[in-house]
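Beneath this line is the structure, given in structure tokens, with notes to follow.
Protein chains in written order, with our numbering: chain A, 1 to 113; chain B, 1 to 198.
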């Protein structure tokens, strides 16, 4: 069934509806730029596939570190963190209460003995 | 009626007379034949764009949908089974589904179609404005249709695709398509009653 086989207008309102629908502008055909975009699809997909296939890690992620050196680096890092933490906890924290105004700061006053 | 009554007419630039069927071209595409792909673009590009634009009411979105569909055509050509469907049925189903997916994702504001400049030779500004407003209302009435009714209207009324072929695209029987068309036209008559009296 094609367009001619559409249900026949029962009355004038069907014709008026058809006239209204016919007022809508026809979509323009594809322009040269869009057609070129479509025609480039195979090439672009092939290019994408080539890029994916040839992808390699870059920068620091691409560095190849020998196992021995990596282990040494990790051990140094852990040791540094460990001793840093021990050192921090063993230091005596300064007594900030002595700095509060009106209290004895613990330092000899000027002009004193 | 805008429909020209030609079933699945080709809108190519002279390539339709090459005697190679769409299905054969698709088989060649699955082997990576870019010339075959270009021929299908030429054959079905304009109609695809028209359907998508009528469904979406937006040229840029329509172009995106058509591009998506042709990407799918290129990548999934080997999956097409000519024993199950004709190429055009399969491709316009892919296209319609992509357009309807977009339609569901957004409820667009009604606007004048891109590139609509009124009627040539119409000097009366007021008359032009009235006509533009009327076009807007017709457009809005179509946009307000349920998506299946809208798709049936675009395929059968505007693109002149047969009810049987529209049914294959929409996975419906002929009666189902006819029912959608009748309901679509009834709703349009109701929503455009004011326009039809003028």
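Backbone N, C-alpha and C define an ideal beta-carbon position, used for all residues, glycine too.
For this session: Using a Cβ-Cβ cut-off of less than 9 angstroms, list which residues of the stretch 62-81 of chain A approach chain B; keep chain order.
Result: none
Problem set entry | residue 89/B at chain A interface by Cβ criterion, 9 angstroms | no
Exercise. Considering only residues of the same chain and omitting the five flanking positions on each side of residue 28/B, which have a CB-CB separation below 6 angstroms?
Worked result: 36
For this session: Report all residues from its chain with a CB closer than 7 angstroms to the CB of residue 141/B; omit the five preceding and five following residues, and keep chain order.
Result: 188, 191, 192
Problem set entry | Nearest candidate by alpha-carbon position, reference residue 151/B, set 70/B, 177/B, 130/B | 177/B
Exercise. Is the beta carbon of residue 158/B less than 9 angstroms from the beta carbon of residue 21/A?
Worked result: yes
Exercise. Residues of chain A with CB under 9 angstroms from residue 28/B, in chain order?
Worked result: Within 9 angstroms Cβ-Cβ: nothing; residue 28/B doesn't reach chain A, min ~12 angstroms.
For this session: Would you verify that the beta carbon of residue 94/B is, or is not, closer than 9 angstroms to some beta carbon of chain A?
Result: no
For this session: Return the residue from the list 46/A, 30/A, 74/A that minimises the CA-CA distance to residue 32/B.
Result: 46/A
Exercise. With 16 other CB atoms within 10 Å as the buried threshold, where does residue 27/A fall?
Worked result: buried
Problem set entry | Interface flag, residue 37/A vs chain B, CB-CB below 9 angstroms | yes
Problem set entry | Proximal residues to residue 78/B (C-beta, below 8 angstroms), its chain only, five neighbours per side dropped | 30
For this session: Establish whether the CB of residue 183/B and some CB of chain A are separated by less than 9 angstroms.
Result: no
Problem set entry | Whole-angstrom distance between residue 147/B and residue 14/A, CA atom to CA atom | 21 angstroms
For this session: Using a threshold of 9 angstroms, state whether the C-beta atoms of residue 181/B and residue 163/B are closer than that.
Result: yes
For this session: At 9 angstroms on the CB atoms, spell out the chain B contacts of residue 16/A, in chain order.
Result: 189, 192, 195, 196, 197
Problem set entry | Proximity below 9 angstroms, CB of residue 44/B to CB of residue 22/B | yes
Exercise. Relative to the alpha-carbon of residue 86/B, which residue among 169/B, 185/B, 57/B, 184/B has its alpha-carbon at the smallest distance?
Worked result: 169/B
For this session: Starting from the C-beta of residue 94/B, find all residues in its chain whose C-beta is less than 8 angstroms away, skip the five residues before and the five after it, and write them out in chain order.
Result: 69, 72, 73
Exercise. Could you check where the alpha helix (DSSP H) with residue 154/B kicks off and where it finishes?
Worked result: It is not in any alpha helix (DSSP H) - residue 154/B carries neither H nor E in the DSSP assignment.
Exercise. If we cut at 9 angstroms on Cβ distances, does residue 54/A have a partner in chain B?
Worked result: no
Problem set entry | Those runs of the alpha helix (DSSP H) which lie wholly inside the stretch 42-101 of chain B and span at least 4 residues | 59-76
Exercise. What separation, rounded to the nearest whole angstrom, lies between the Cα atoms of residue 154/B and residue 100/B?
Worked result: 12 angstroms
Exercise. Since residue 102/B and residue 56/B are thought to touch, with beta carbons under 8 angstroms apart, how far apart are those beta carbons, to the nearest angstrom?
Worked result: 6 angstroms
Problem set entry | Contact set between residue 35/B and chain A, taken where Cβ atoms lie within less than 7 angstroms | Within chain A, no residue comes near residue 35/B; the closest Cβ sits about 10 angstroms away, beyond 7 angstroms.
For this session: For residue 96/B, I'd like the list of residues in its chain whose CB is within less than 8 angstroms of its CB, leaving aside the five on either flank, ordered along the chain.
Result: 51, 55, 151, 155, 169, 170
Problem set entry | Interface residues of the stretch 41-53 of chain B facing chain A [CB-CB below 9 angstroms] | 41, 42, 45, 46, 48, 49, 50, 51, 52, 53
For this session: Ignore the nearest five residues each way along the sequence and tell me which others in residue 17/B's own chain have a CB closer than 7 angstroms to its CB.
Result: The predicted model places residue 17/B with a pLDDT of 45, which falls under 50 and marks its position as unreliable, so this point remains unresolved.
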